[in-house]
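First comes the structure, then the notes that go with it.
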Amino acid sequence: MELLKRIIYTEVLMMVMVIWIVPMTYSHGPWEDARATFYGDINGGETQQGACGYGDLNKQGYGLETAALSTALFNNGSTCGACYEIKCTDAPQWCLPGIIRITATNFCPPDHSKPNECWCNPPQKHFDLSQPMFLKIAKYKAGVVPVKFRRVPCVKTGGVMFEIKGNPHFLMILPYNIGGAGDVIAMHVKGTRTEWIAMKKNWGTIWSVGVKLTGQCLSFRVTTSDGVTKDFIDVTPPDWKCTGQSFDGKINF
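Counted from 1, the sequence shown has number 12 at position 12 by full-length UniProt numbering; the numbering is strictly sequential.
As structure tokens, then:
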């Protein structure tokens with residue numbers, strides 16, 4: 001009888017844990033209306049780097065599956081790293097079947113001198129895709145097409161990466177290859193001889209702190225927009241440099 005009670009208690013506890021944990025998992029968002037164009041050439045020229053602070057998108061694992069977001073979606077860089085599914089709709093003469101998945105890596109600037117022609121002007125929701133991605137959902141001659149889009153979890157291979165720039169007195173960290181929600185809302189850094197120190201967003205998705213931490217192993221605490229926080233302990237060796245070195249955090253969201 002006592003064993004039966006323990007089994008029932010364990011099963012109930014597991015059910016409660018599932019109910020509590022599942023809503024915390026990042027899930028697909030609702031489909032929304034937007035438009036899409038493309039920039040750069042067929043090889044992804046002009047799509048590298050950009051307003052989020054990323055560098056060589058091929059080396060960083062994003063490849064050509066990227067987009068520049070309009071003001072309404074970019075949110076001053078807060079959505080850098082977020083992932084979306086996009087499909088062409090309501091233009092049968094231009095649309096191709098299928099759905100693409102992209103990561104937000106750049107900003108599509110508005111042009112207020114062209115209020116009726118610039119798709120990236122607020123409040124319009126718009127994706128300026130790399131040309132290869134645009135050609136997966138629409139014909140080249142279309143130029144611009146109506147689309148449906150939704151936020152989806154980012155699926156990345158390997159651990160979160162941390163690139164170090166700046167100088168010893170003003171550390172700048174670019175986290176990339178982030179799974180789950182993908183976009184970062186808070187970062188902390190910890191040296192071997194310090195407690196956790198809050199970092200400030202510098203620009204795009206680059207975070208900075210004005211504390212000298214040279215000669216110490218660095219750990220990072222990252223919080224994504226869905227409220228999930230993970231600690232990446234002793235990511236760097238003590239002899240790291242501010243020269244664009246990247247270090248593997250080993251785990252991901």
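Ideal placement from N, C-alpha and C gives every residue a C-beta, glycine not left out. Quantities reported herein were computed from a predicted structural model and do not represent experimental measurements.
- Under DSSP, F127 forms a beta bridge with A36, L69.
- Closest by C-alpha distance to W31, out of Y84, L135, G45, V209, is Y84.
- Excluding sequence positions up to five before and after F74, its CB lies within less than 7 Å of the CB of F107, all in the same chain and listed in chain order.
- Across the set E46, G55, G29, G44, the C-alpha of G55 shows the shortest separation from the C-alpha of I164.
- DSSP, read as helix, strand or coil, puts N106 in strand.
- Just measuring C-alpha positions, the residue of M172, G179, R193 sitting nearest M187 is M172.
- With a threshold of 16 other beta carbon atoms within 10 Å, V155 falls short and is exposed.
- Secondary-structure assignment with DSSP links I173 through a beta bridge to I164, W207.
- Around A51, the same chain offers N106, F107, G204 as residues with beta carbons nearer than 6 Å, after the five sequence neighbours per side are excluded.
- In the three-state reduction of the DSSP assignment, A142 falls in the helix class, which pools H, G and I.
- Note that the segment 134 to 142 does not touch the segment 175 to 187; fewer than 3 beta-carbon pairs, one per stretch, sit closer than 8 Å.
- Pairing D41 with I197, the inter-Cα distance amounts to about 42 Å.
- For Q245, the enclosing beta strand (DSSP E) has its first and last residue at 245 to 248.
- For K87, the enclosing beta strand (DSSP E) begins and ends at 83 to 88.
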